[in-house]
Amino acid sequence: MSQLLFGWISTTFQPLTLALGAGPLYPVNTFQAFALNAQTPFATLDYGHEVAGYPIFDVLSLTGKVEIEVKYAEQFSDLSAPFSDGPYPFAVGLSNTYRVETFNITEPGLISAFLLQGGLRWQSIRLLTSGSIAISAVGLNASISTTDVDALPGDFSCDNTLLNEIWELGARTVGVACVDRGSQKAIWEVSGNGVFVRGMRPGVSANVSAAELQNYTLQFDVNIQRAGMGWAVATPLQSPNTGIYLNIVGDLPSATTFVNTNTSLTPPNSIVLAYGYSLVNQTTLPSYYLDTFKLPLPLQENTWHTIETVLLGGQYLAVLVDKTEIFNNVFVYDTASGSLLYNNSMTNATIVLPEYGVHENFASVCLDGGKRDRLVWVGDFYHTSQIIGASTSRDDLIQGTLQYFLDWQTSVGLVPIDSPMGYDHSIAESAFTLGGGGASPFQILGLIAFTNYVIQSNDLAWTVKTWPQWQLQAEWILSQINSTNGLLSFEDAFLGGANGGSAINCALLKALNRVAFVANAIGDTASAAKYQTAATSLLAAINKYLWNAKLGFYSLDLDSLNDYSVVGLSFCITSGAANASQAAQSLAAVFALKLGPGFKDSSQVNSSDPTVNLSPFTNGFLLEALLSQNNSGSAASCSTALQLITTLWGAMLANNQTSTGTTWEYVDQTGQPGLSLFTSSAAAWAGAPTYLITRYVAGLQQAAGVAGFGYRNWVFNPSAGLAMGLKTSNATVITAFGGPLSVQWQVVAIASGNQLKVTISAPAATSGVFELNGTRKVLNGSAAYSFVMSM
Numbered sequence: 001m002s003q004l005l006f007g008w009i010s011t012t013f014q015p016l017t018l019a020l021g022a023g024p025l026y027p028v029n030t031f032q033a034f035a036l037n038a039q040t041p042f043a044t045l046d047y048g049h050e051v052a053g054y055p056i057f058d059v060l061s062l063t064g065k066v067e068i069e070v071k072y073a074e075q076f077s078d079l080s081a082p083f084s085d086g087p088y089p090f091a092v093g094l095s096n097t098y099r100v101e102t103f104n105i106t107e108p109g110l111i112s113a114f115l116l117q118g119g120l121r122w123q124s125i126r127l128l129t130s131g132s133i134a135i136s137a138v139g140l141n142a143s144i145s146t147t148d149v150d151a152l153p154g155d156f157s158c159d160n161t162l163l164n165e166i167w168e169l170g171a172r173t174v175g176v177a178c179v180d181r182g183s184q185k186a187i188w189e190v191s192g193n194g195v196f197v198r199g200m201r202p203g204v205s206a207n208v209s210a211a212e213l214q215n216y217t218l219q220f221d222v223n224i225q226r227a228g229m230g231w232a233v234a235t236p237l238q239s240p241n242t243g244i245y246l247n248i249v250g251d252l253p254s255a256t257t258f259v260n261t262n263t264s265l266t267p268p269n270s271i272v273l274a275y276g277y278s279l280v281n282q283t284t285l286p287s288y289y290l291d292t293f294k295l296p297l298p299l300q301e302n303t304w305h306t307i308e309t310v311l312l313g314g315q316y317l318a319v320l321v322d323k324t325e326i327f328n329n330v331f332v333y334d335t336a337s338g339s340l341l342y343n344n345s346m347t348n349a350t351i352v353l354p355e356y357g358v359h360e361n362f363a364s365v366c367l368d369g370g371k372r373d374r375l376v377w378v379g380d381f382y383h384t385s386q387i388i389g390a391s392t393s394r395d396d397l398i399q400g401t402l403q404y405f406l407d408w409q410t411s412v413g414l415v416p417i418d419s420p421m422g423y424d425h426s427i428a429e430s431a432f433t434l435g436g437g438g439a440s441p442f443q444i445l446g447l448i449a450f451t452n453y454v455i456q457s458n459d460l461a462w463t464v465k466t467w468p469q470w471q472l473q474a475e476w477i478l479s480q481i482n483s484t485n486g487l488l489s490f491e492d493a494f495l496g497g498a499n500g501g502s503a504i505n506c507a508l509l510k511a512l513n514r515v516a517f518v519a520n521a522i523g524d525t526a527s528a529a530k531y532q533t534a535a536t537s538l539l540a541a542i543n544k545y546l547w548n549a550k551l552g553f554y555s556l557d558l559d560s561l562n563d564y565s566v567v568g569l570s571f572c573i574t575s576g577a578a579n580a581s582q583a584a585q586s587l588a589a590v591f592a593l594k595l596g597p598g599f600k601d602s603s604q605v606n607s608s609d610p611t612v613n614l615s616p617f618t619n620g621f622l623l624e625a626l627l628s629q630n631n632s633g634s635a636a637s638c639s640t641a642l643q644l645i646t647t648l649w650g651a652m653l654a655n656n657q658t659s660t661g662t663t664w665e666y667v668d669q670t671g672q673p674g675l676s677l678f679t680s681s682a683a684a685w686a687g688a689p690t691y692l693i694t695r696y697v698a699g700l701q702q703a704a705g706v707a708g709f710g711y712r713n714w715v716f717n718p719s720a721g722l723a724m725g726l727k728t729s730n731a732t733v734i735t736a737f738g739g740p741l742s743v744q745w746q747v748v749a750i751a752s753g754n755q756l757k758v759t760i761s762a763p764a765a766t767s768g769v770f771e772l773n774g775t776r777k778v779l780n781g782s783a784a785y786s787f788v789m790s791m
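When we follow the numbering used here, the leftmost residue of the sequence shown carries the number 1, and every step to the right adds one.
Here you go:
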């Protein structure tokens with residue numbers, strides 16, 4: 001934030017508006033100090049847009065017993081849900097698993113929550129008890145950048161307000177989803193007595209000897225400080241939905257038990273058994289409550305107990321509880337033989353935190369989203385890396401994320417689909433490989449993301465350093481090509497079409513062409529020739545086997561020749577597989593996929609199913625395909641692109657109670673968040689318009705090939721923006737050659753028609769070309785250009 005409120009430092013997010021009442025109310029009053037009491041027990045707070053950090057409260061005074069329940073949410077209506085928009089036990093994301101927490105306030109002063117809230121716009125505070133409390137300030141100690149979107153080095157504006165706001169969606173999203181090293185703190189506290197763990201999804205050991213265990217007995221010591229504790233067994237790191245979840249509840253003494261404790265779900269002196277992610281099945285994560293078992297004796301707080309969990313034959317589970325006074329230790333024995341398989345005293349932070357995935361984030365990385373899943377997804381980075389290039393210009397975050405992929409790379413070249421932040425890759429790589437797999441289509445998108453970075457940044461030194469690892473990944477992908485038909489096939493069909501699918505093959509074609517550019521840039525001409533040869537062969541196979549001349553589109557795959565997909569058509573256009581005629585026919589065919597505010601993923605999706613969601617991730621590929629055809633100012637494709645931008649991404653702004661100022665993971669057919677309260681409302685994979693608006697609507701592009709790396713050579717072509725009816729536009733990007741490149745253009749009406757007035761500032765070391773309607777003007781040798789063109 002740019003200003004100081006209530007004396008707090010500028011690295012704090014603070015709410016803008018406040019409402020007081022008996023329950024959630026839409027806040028319209030400017031935030032100020034407030035009091036909660038029996039007559040007015042509820043405060044609703046609005047931060048204006050998505051923020052993230054560690055909750056803090058400045059308590060002025062209180063009377064009587066005071067407990068407050070605090071909820072955090074991305075959508076306003078979720079404040080009325082019993083668990084807000086959580087919990088999120090999919091992964092340990094170095095944040096609070098829960099979106100509701102309770103505080104027992106005993107004295108005035110600053111109250112700080114220990115666990116991070118990774119993304120929210122709305123917050124509520126409910127007084128639970130008969131006392132009263134006065135609060136002077138509420139906020140979040142920021143865990144992300146506090147730079148306002150209008151202060152970013154990359155920018156865009158035009159005379160279409162909605163386009164401006166949509167551009168800001170992606171820019172703000174990468175500000176939330178990308179985090180600096182060490183900013184997401186460790187969520188366990190380790191001392192000589194063991195580990196102090198607050199309520200969260202169980203941390204799972206990445207120690208290979210522990211990750212591979214099957215029939216085992218787990219024993220550990222526990223001292224319950226409040227309520228109870230949970231743990232998991234038979235839970236693979238990459239398949240947490242298949243594990244057994246247990247929660248042991250203590251005797252819940254009134255002196256330490258919160259008044260809102262759910263004793264129906266977690267009764268005192270019991271063991272609660274569940275399967276899947278959690279005890280609670282409020283979100284789309286499958287969680288199954290199985291049973292509750294009464295303990296034979298009271299389980300007292302502040303007393304050491306030994307817990308023993310026995311797994312036998314994959315069919316039998318037993319839990320034994322015995323009071324003891326020894327320190328907290330974890331042992332794993334072979335159930336049949338009794339031999340020791342694993343042990344950890346849990347007293348050494350340098351061992352415990354990285355093994356259980358709760359260490360502060362090891363690197364500066366970009367996550368898939370703010371509140372969830374908070375993992376470093378390789379496929380998402382296709383869009384994310386380019387959004388950063390157009391907005392925050394944080395090359396360190398792009399390089400940090402790409403390096404993190406490589407840190408986790410296996411010996412065959414695969415990188416995990418969704419690397420976690422808090423595990424040490426040197427410990428966890430094998431364990432994640434056992435449970436995971438490479439999500440093969442995402443390997444291609446990750447490879448393209450690498451080329452995006454090199455082309456944007458011209459960072460050839462780092463490229464040379466990591467080049468063997470990228471070659472290893474590329475070689476693995478190429479090894480999956482069928483020698484008979486020359487097409488790539490994967491078992492994983494996430495992008496659509498597993499058997500020689502158009503999506504994966506045309507994406508690979510794009511990757512190969514771009515990797516060849518990178519190879520030439522670093523002087524590896526032999527590899528460049530190899531990749532170009534592979535691309536030529538692949539191009540021929542795509543058009544031989546996948547182009548359906550009768551129906552006028554690229555087929556979904558070899559098993560579905562009469563079906564097609566958004567991703568397949570889009571990549572076949574942007575990779576250059578399609579000639580001009582094929583591109584035009586493909587774009588004509590895509591209209592049959594129109595559904596609600598966007599386009600459904602493929603012709604196999606049932607348009608009559610109201611539960612079908614629209615993916616901004618896949619629609620982003622389509623938007624790129626539409627706009628890439630627009631340098632000629634095609635009115636039809638420009639109109640379609642503008643409609644797609646303003647309807648699908650416009651839906652994310654249309655309702656102030658669901659808008660977060662960031663991009664949504666999915667959108668439903670009515671324009672609402674597609675996964676209801678589970679929706680990640682700051683999902684970077686959904687932000688393609690940000691970089692595509694800069695590139696095509698403003699018209700500021702890199703020249704093709706190695707010459708365009710780092711904007712050493714650039715192209716200014718505003719034909720798409722003009723075809724959309726814009727009258728003015730401004731855009732700025734950061735080059736690798738001495739500063740920003742900015743362009744401003746304006747349509748001015750004169751008696752004889754219209755003129756286009758252009759002003760460009762660029763580093764003197766760069767050169768550009770202006771192109772429009774057959775006119776071509778070379779721009780070099782200066783740091784500023786200004787000219788007028790008749791239209």
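The beta carbon of each residue, even a glycine, is placed where N, CA and C say it ideally should be. For clarity, every value in this text was computed on a predicted model and none was experimentally measured.
Exercise for review: Would you tell me roughly how many angstroms separate the C-alpha atoms of LEU367 and ALA232, rounded to the nearest one?
Suggested key: 25 Å
Review point. Looking at the structure shown, is ALA498 part of a helix, part of a strand, or coil, going by DSSP?
Key: coil
Check your understanding: Got a sec? Which residues, its chain only, sit under 6 Å from GLN315 by beta carbon, not counting five neighbours each side?
Key -> Its pLDDT being 48, under 50, GLN315 is placed unreliably in this model, and the value from its coordinates should be taken loosely. Excluding sequence neighbours, GLN315 sits near nothing in its chain.
Exercise for review: Tell me TYR711's beta-bridge partners as DSSP assigns them.
Suggested key: Its beta-bridge partners do not exist; DSSP assigns none.
Review point. Is it true that the stretch 42–50 meets the stretch 115–127, where meeting means three or more beta-carbon pairs spaced less than 8 Å apart?
Key: yes
Review point. If we ignore side chains and look at the alpha-carbon of each, how far apart do SER84 and ALA526 end up?
Key: 56 Å
Check your understanding: Do the stretch 77–91 and the stretch 178–189 meet, that is, are 3 or more Cβ pairs less than 8 Å apart?
Key -> no
Check your understanding: Rounded to a whole number of angstroms, what is the C-alpha to C-alpha distance between THR303 and ASN223?
Key -> 5 Å
**Study point:** Length at least 4, wholly inside the stretch 512–577: the alpha helix (DSSP H) runs in chain order
**Key:** 525–545, 566–574
**Study point:** Through-space distance from GLY194 to PHE327, alpha-carbon basis
**Key:** Confidence at PHE327 is low in this model, with a pLDDT of 42, below 50, so the placement of that residue should be treated as unreliable; the coordinate-derived value is given next. So the alpha carbons of these two residues sit roughly 7 Å apart.
Point to revise | Segment contact flag, the stretch 194–203 with the stretch 343–362, C-beta cutoff 8 Å, min 3 pairs | key: yes
Exercise for review: For VAL233, write down the residues that DSSP places opposite it in a beta bridge.
Suggested key: ILE244
Practice item. Taking 7 Å as the cut-off, decide whether the C-beta atoms of ALA390 and THR17 are in contact. Key: no
Practice item. Check whether the Cβ atoms of ASP792 and GLN532 lie closer than 7 Å to each other. Key: Look at the range of the chain in this structure, 1 to 791, and you will see that residue 792 is not part of it.
Exercise for review: Report the rounded CA-to-CA distance for THR102 versus THR766, giving the unit in angstroms.
Suggested key: 57 Å
Review point. To which residues of the same chain is THR324 closer than 8 Å at the C-beta, ignoring the five residues directly before and after it?
Key: Reliability of the predicted coordinates at THR324 is poor, the pLDDT of 44 falling under 50, and the value obtained from them is presented with this limitation in mind. Closer than 8 Å at the Cβ level, and outside the excluded window around THR324, lie ASP221, TRP304, HIS305, THR306.
Review point. In three-state terms, what does DSSP make of PHE621?
Key: helix
Check your understanding: At which residues does the alpha helix (DSSP H) containing ALA731 begin and terminate?
Key -> Run containing ALA731: none in the alpha helix (DSSP H); it sits in the beta strand (DSSP E), 728–734.
Check your understanding: My guess is that PHE76 and GLN657 are in contact by the Cβ rule of under 8 Å, so how many angstroms apart are they, rounded?
Key -> 4 Å
**Study point:** Straight-line Cα distance separating ASP155 from LYS831
**Key:** A question about residue 831 goes unanswered here, because the residues of the chain that appear run from 1 up to 791.
Exercise for review: Can you tell me which of the three DSSP states ASN223 falls into?
Suggested key: strand
Point to revise | Secondary structure, beta strand (DSSP E): runs of 3+ residues fully inside the stretch 11–68 | key: 17–21, 34–36, 42–63
Exercise for review: Kindly indicate which three-state DSSP category PHE599 falls into: helix, strand or coil?
Suggested key: strand
Exercise for review: Using three-state DSSP, classify HIS359 as helix, strand or coil.
Suggested key: coil
Exercise for review: Compare the beta carbon distance of ALA736 and SER761 with 7 Å and say whether it is the shorter of the two.
Suggested key: no
Review point. Can you give, in chain order, each stretch of the beta strand (DSSP E) that sits fully within the stretch 247–277 and has at least 3 residues?
Key: 270–276
Point to revise | Same chain, Cβ closer than 7 Å to LYS510, five either side skipped, listed in chain order | key: ILE448, PHE571, THR574, SER575
Review point. Can you tell me the Cα-Cα spacing of LEU741 and GLY175, whole angstroms?
Key: 22 Å
Point to revise | 7 Å Cβ cutoff met for VAL743 and LYS757 | key: no
Point to revise | Buried or exposed by the 16-neighbour rule on C-beta atoms within 10 Å, applied to GLY64 | key: exposed
Exercise for review: Give the range of the alpha helix (DSSP H) segment to which THR401 is assigned.
Suggested key: 395–407
Check your understanding: At what residues does the alpha helix (DSSP H) containing GLY446 begin and finish?
Key -> 440–457
Exercise for review: With DSSP collapsed to three states, give me the class of LEU478.
Suggested key: helix
Practice item. Use the C-beta contact count for MET724: other C-beta atoms within 10 angstroms, 16 or more gives buried, fewer gives exposed. Key: buried
Point to revise | For LYS544, the nearest candidate out of ALA528, LYS530, LEU561 (CA to CA) | key: LEU561
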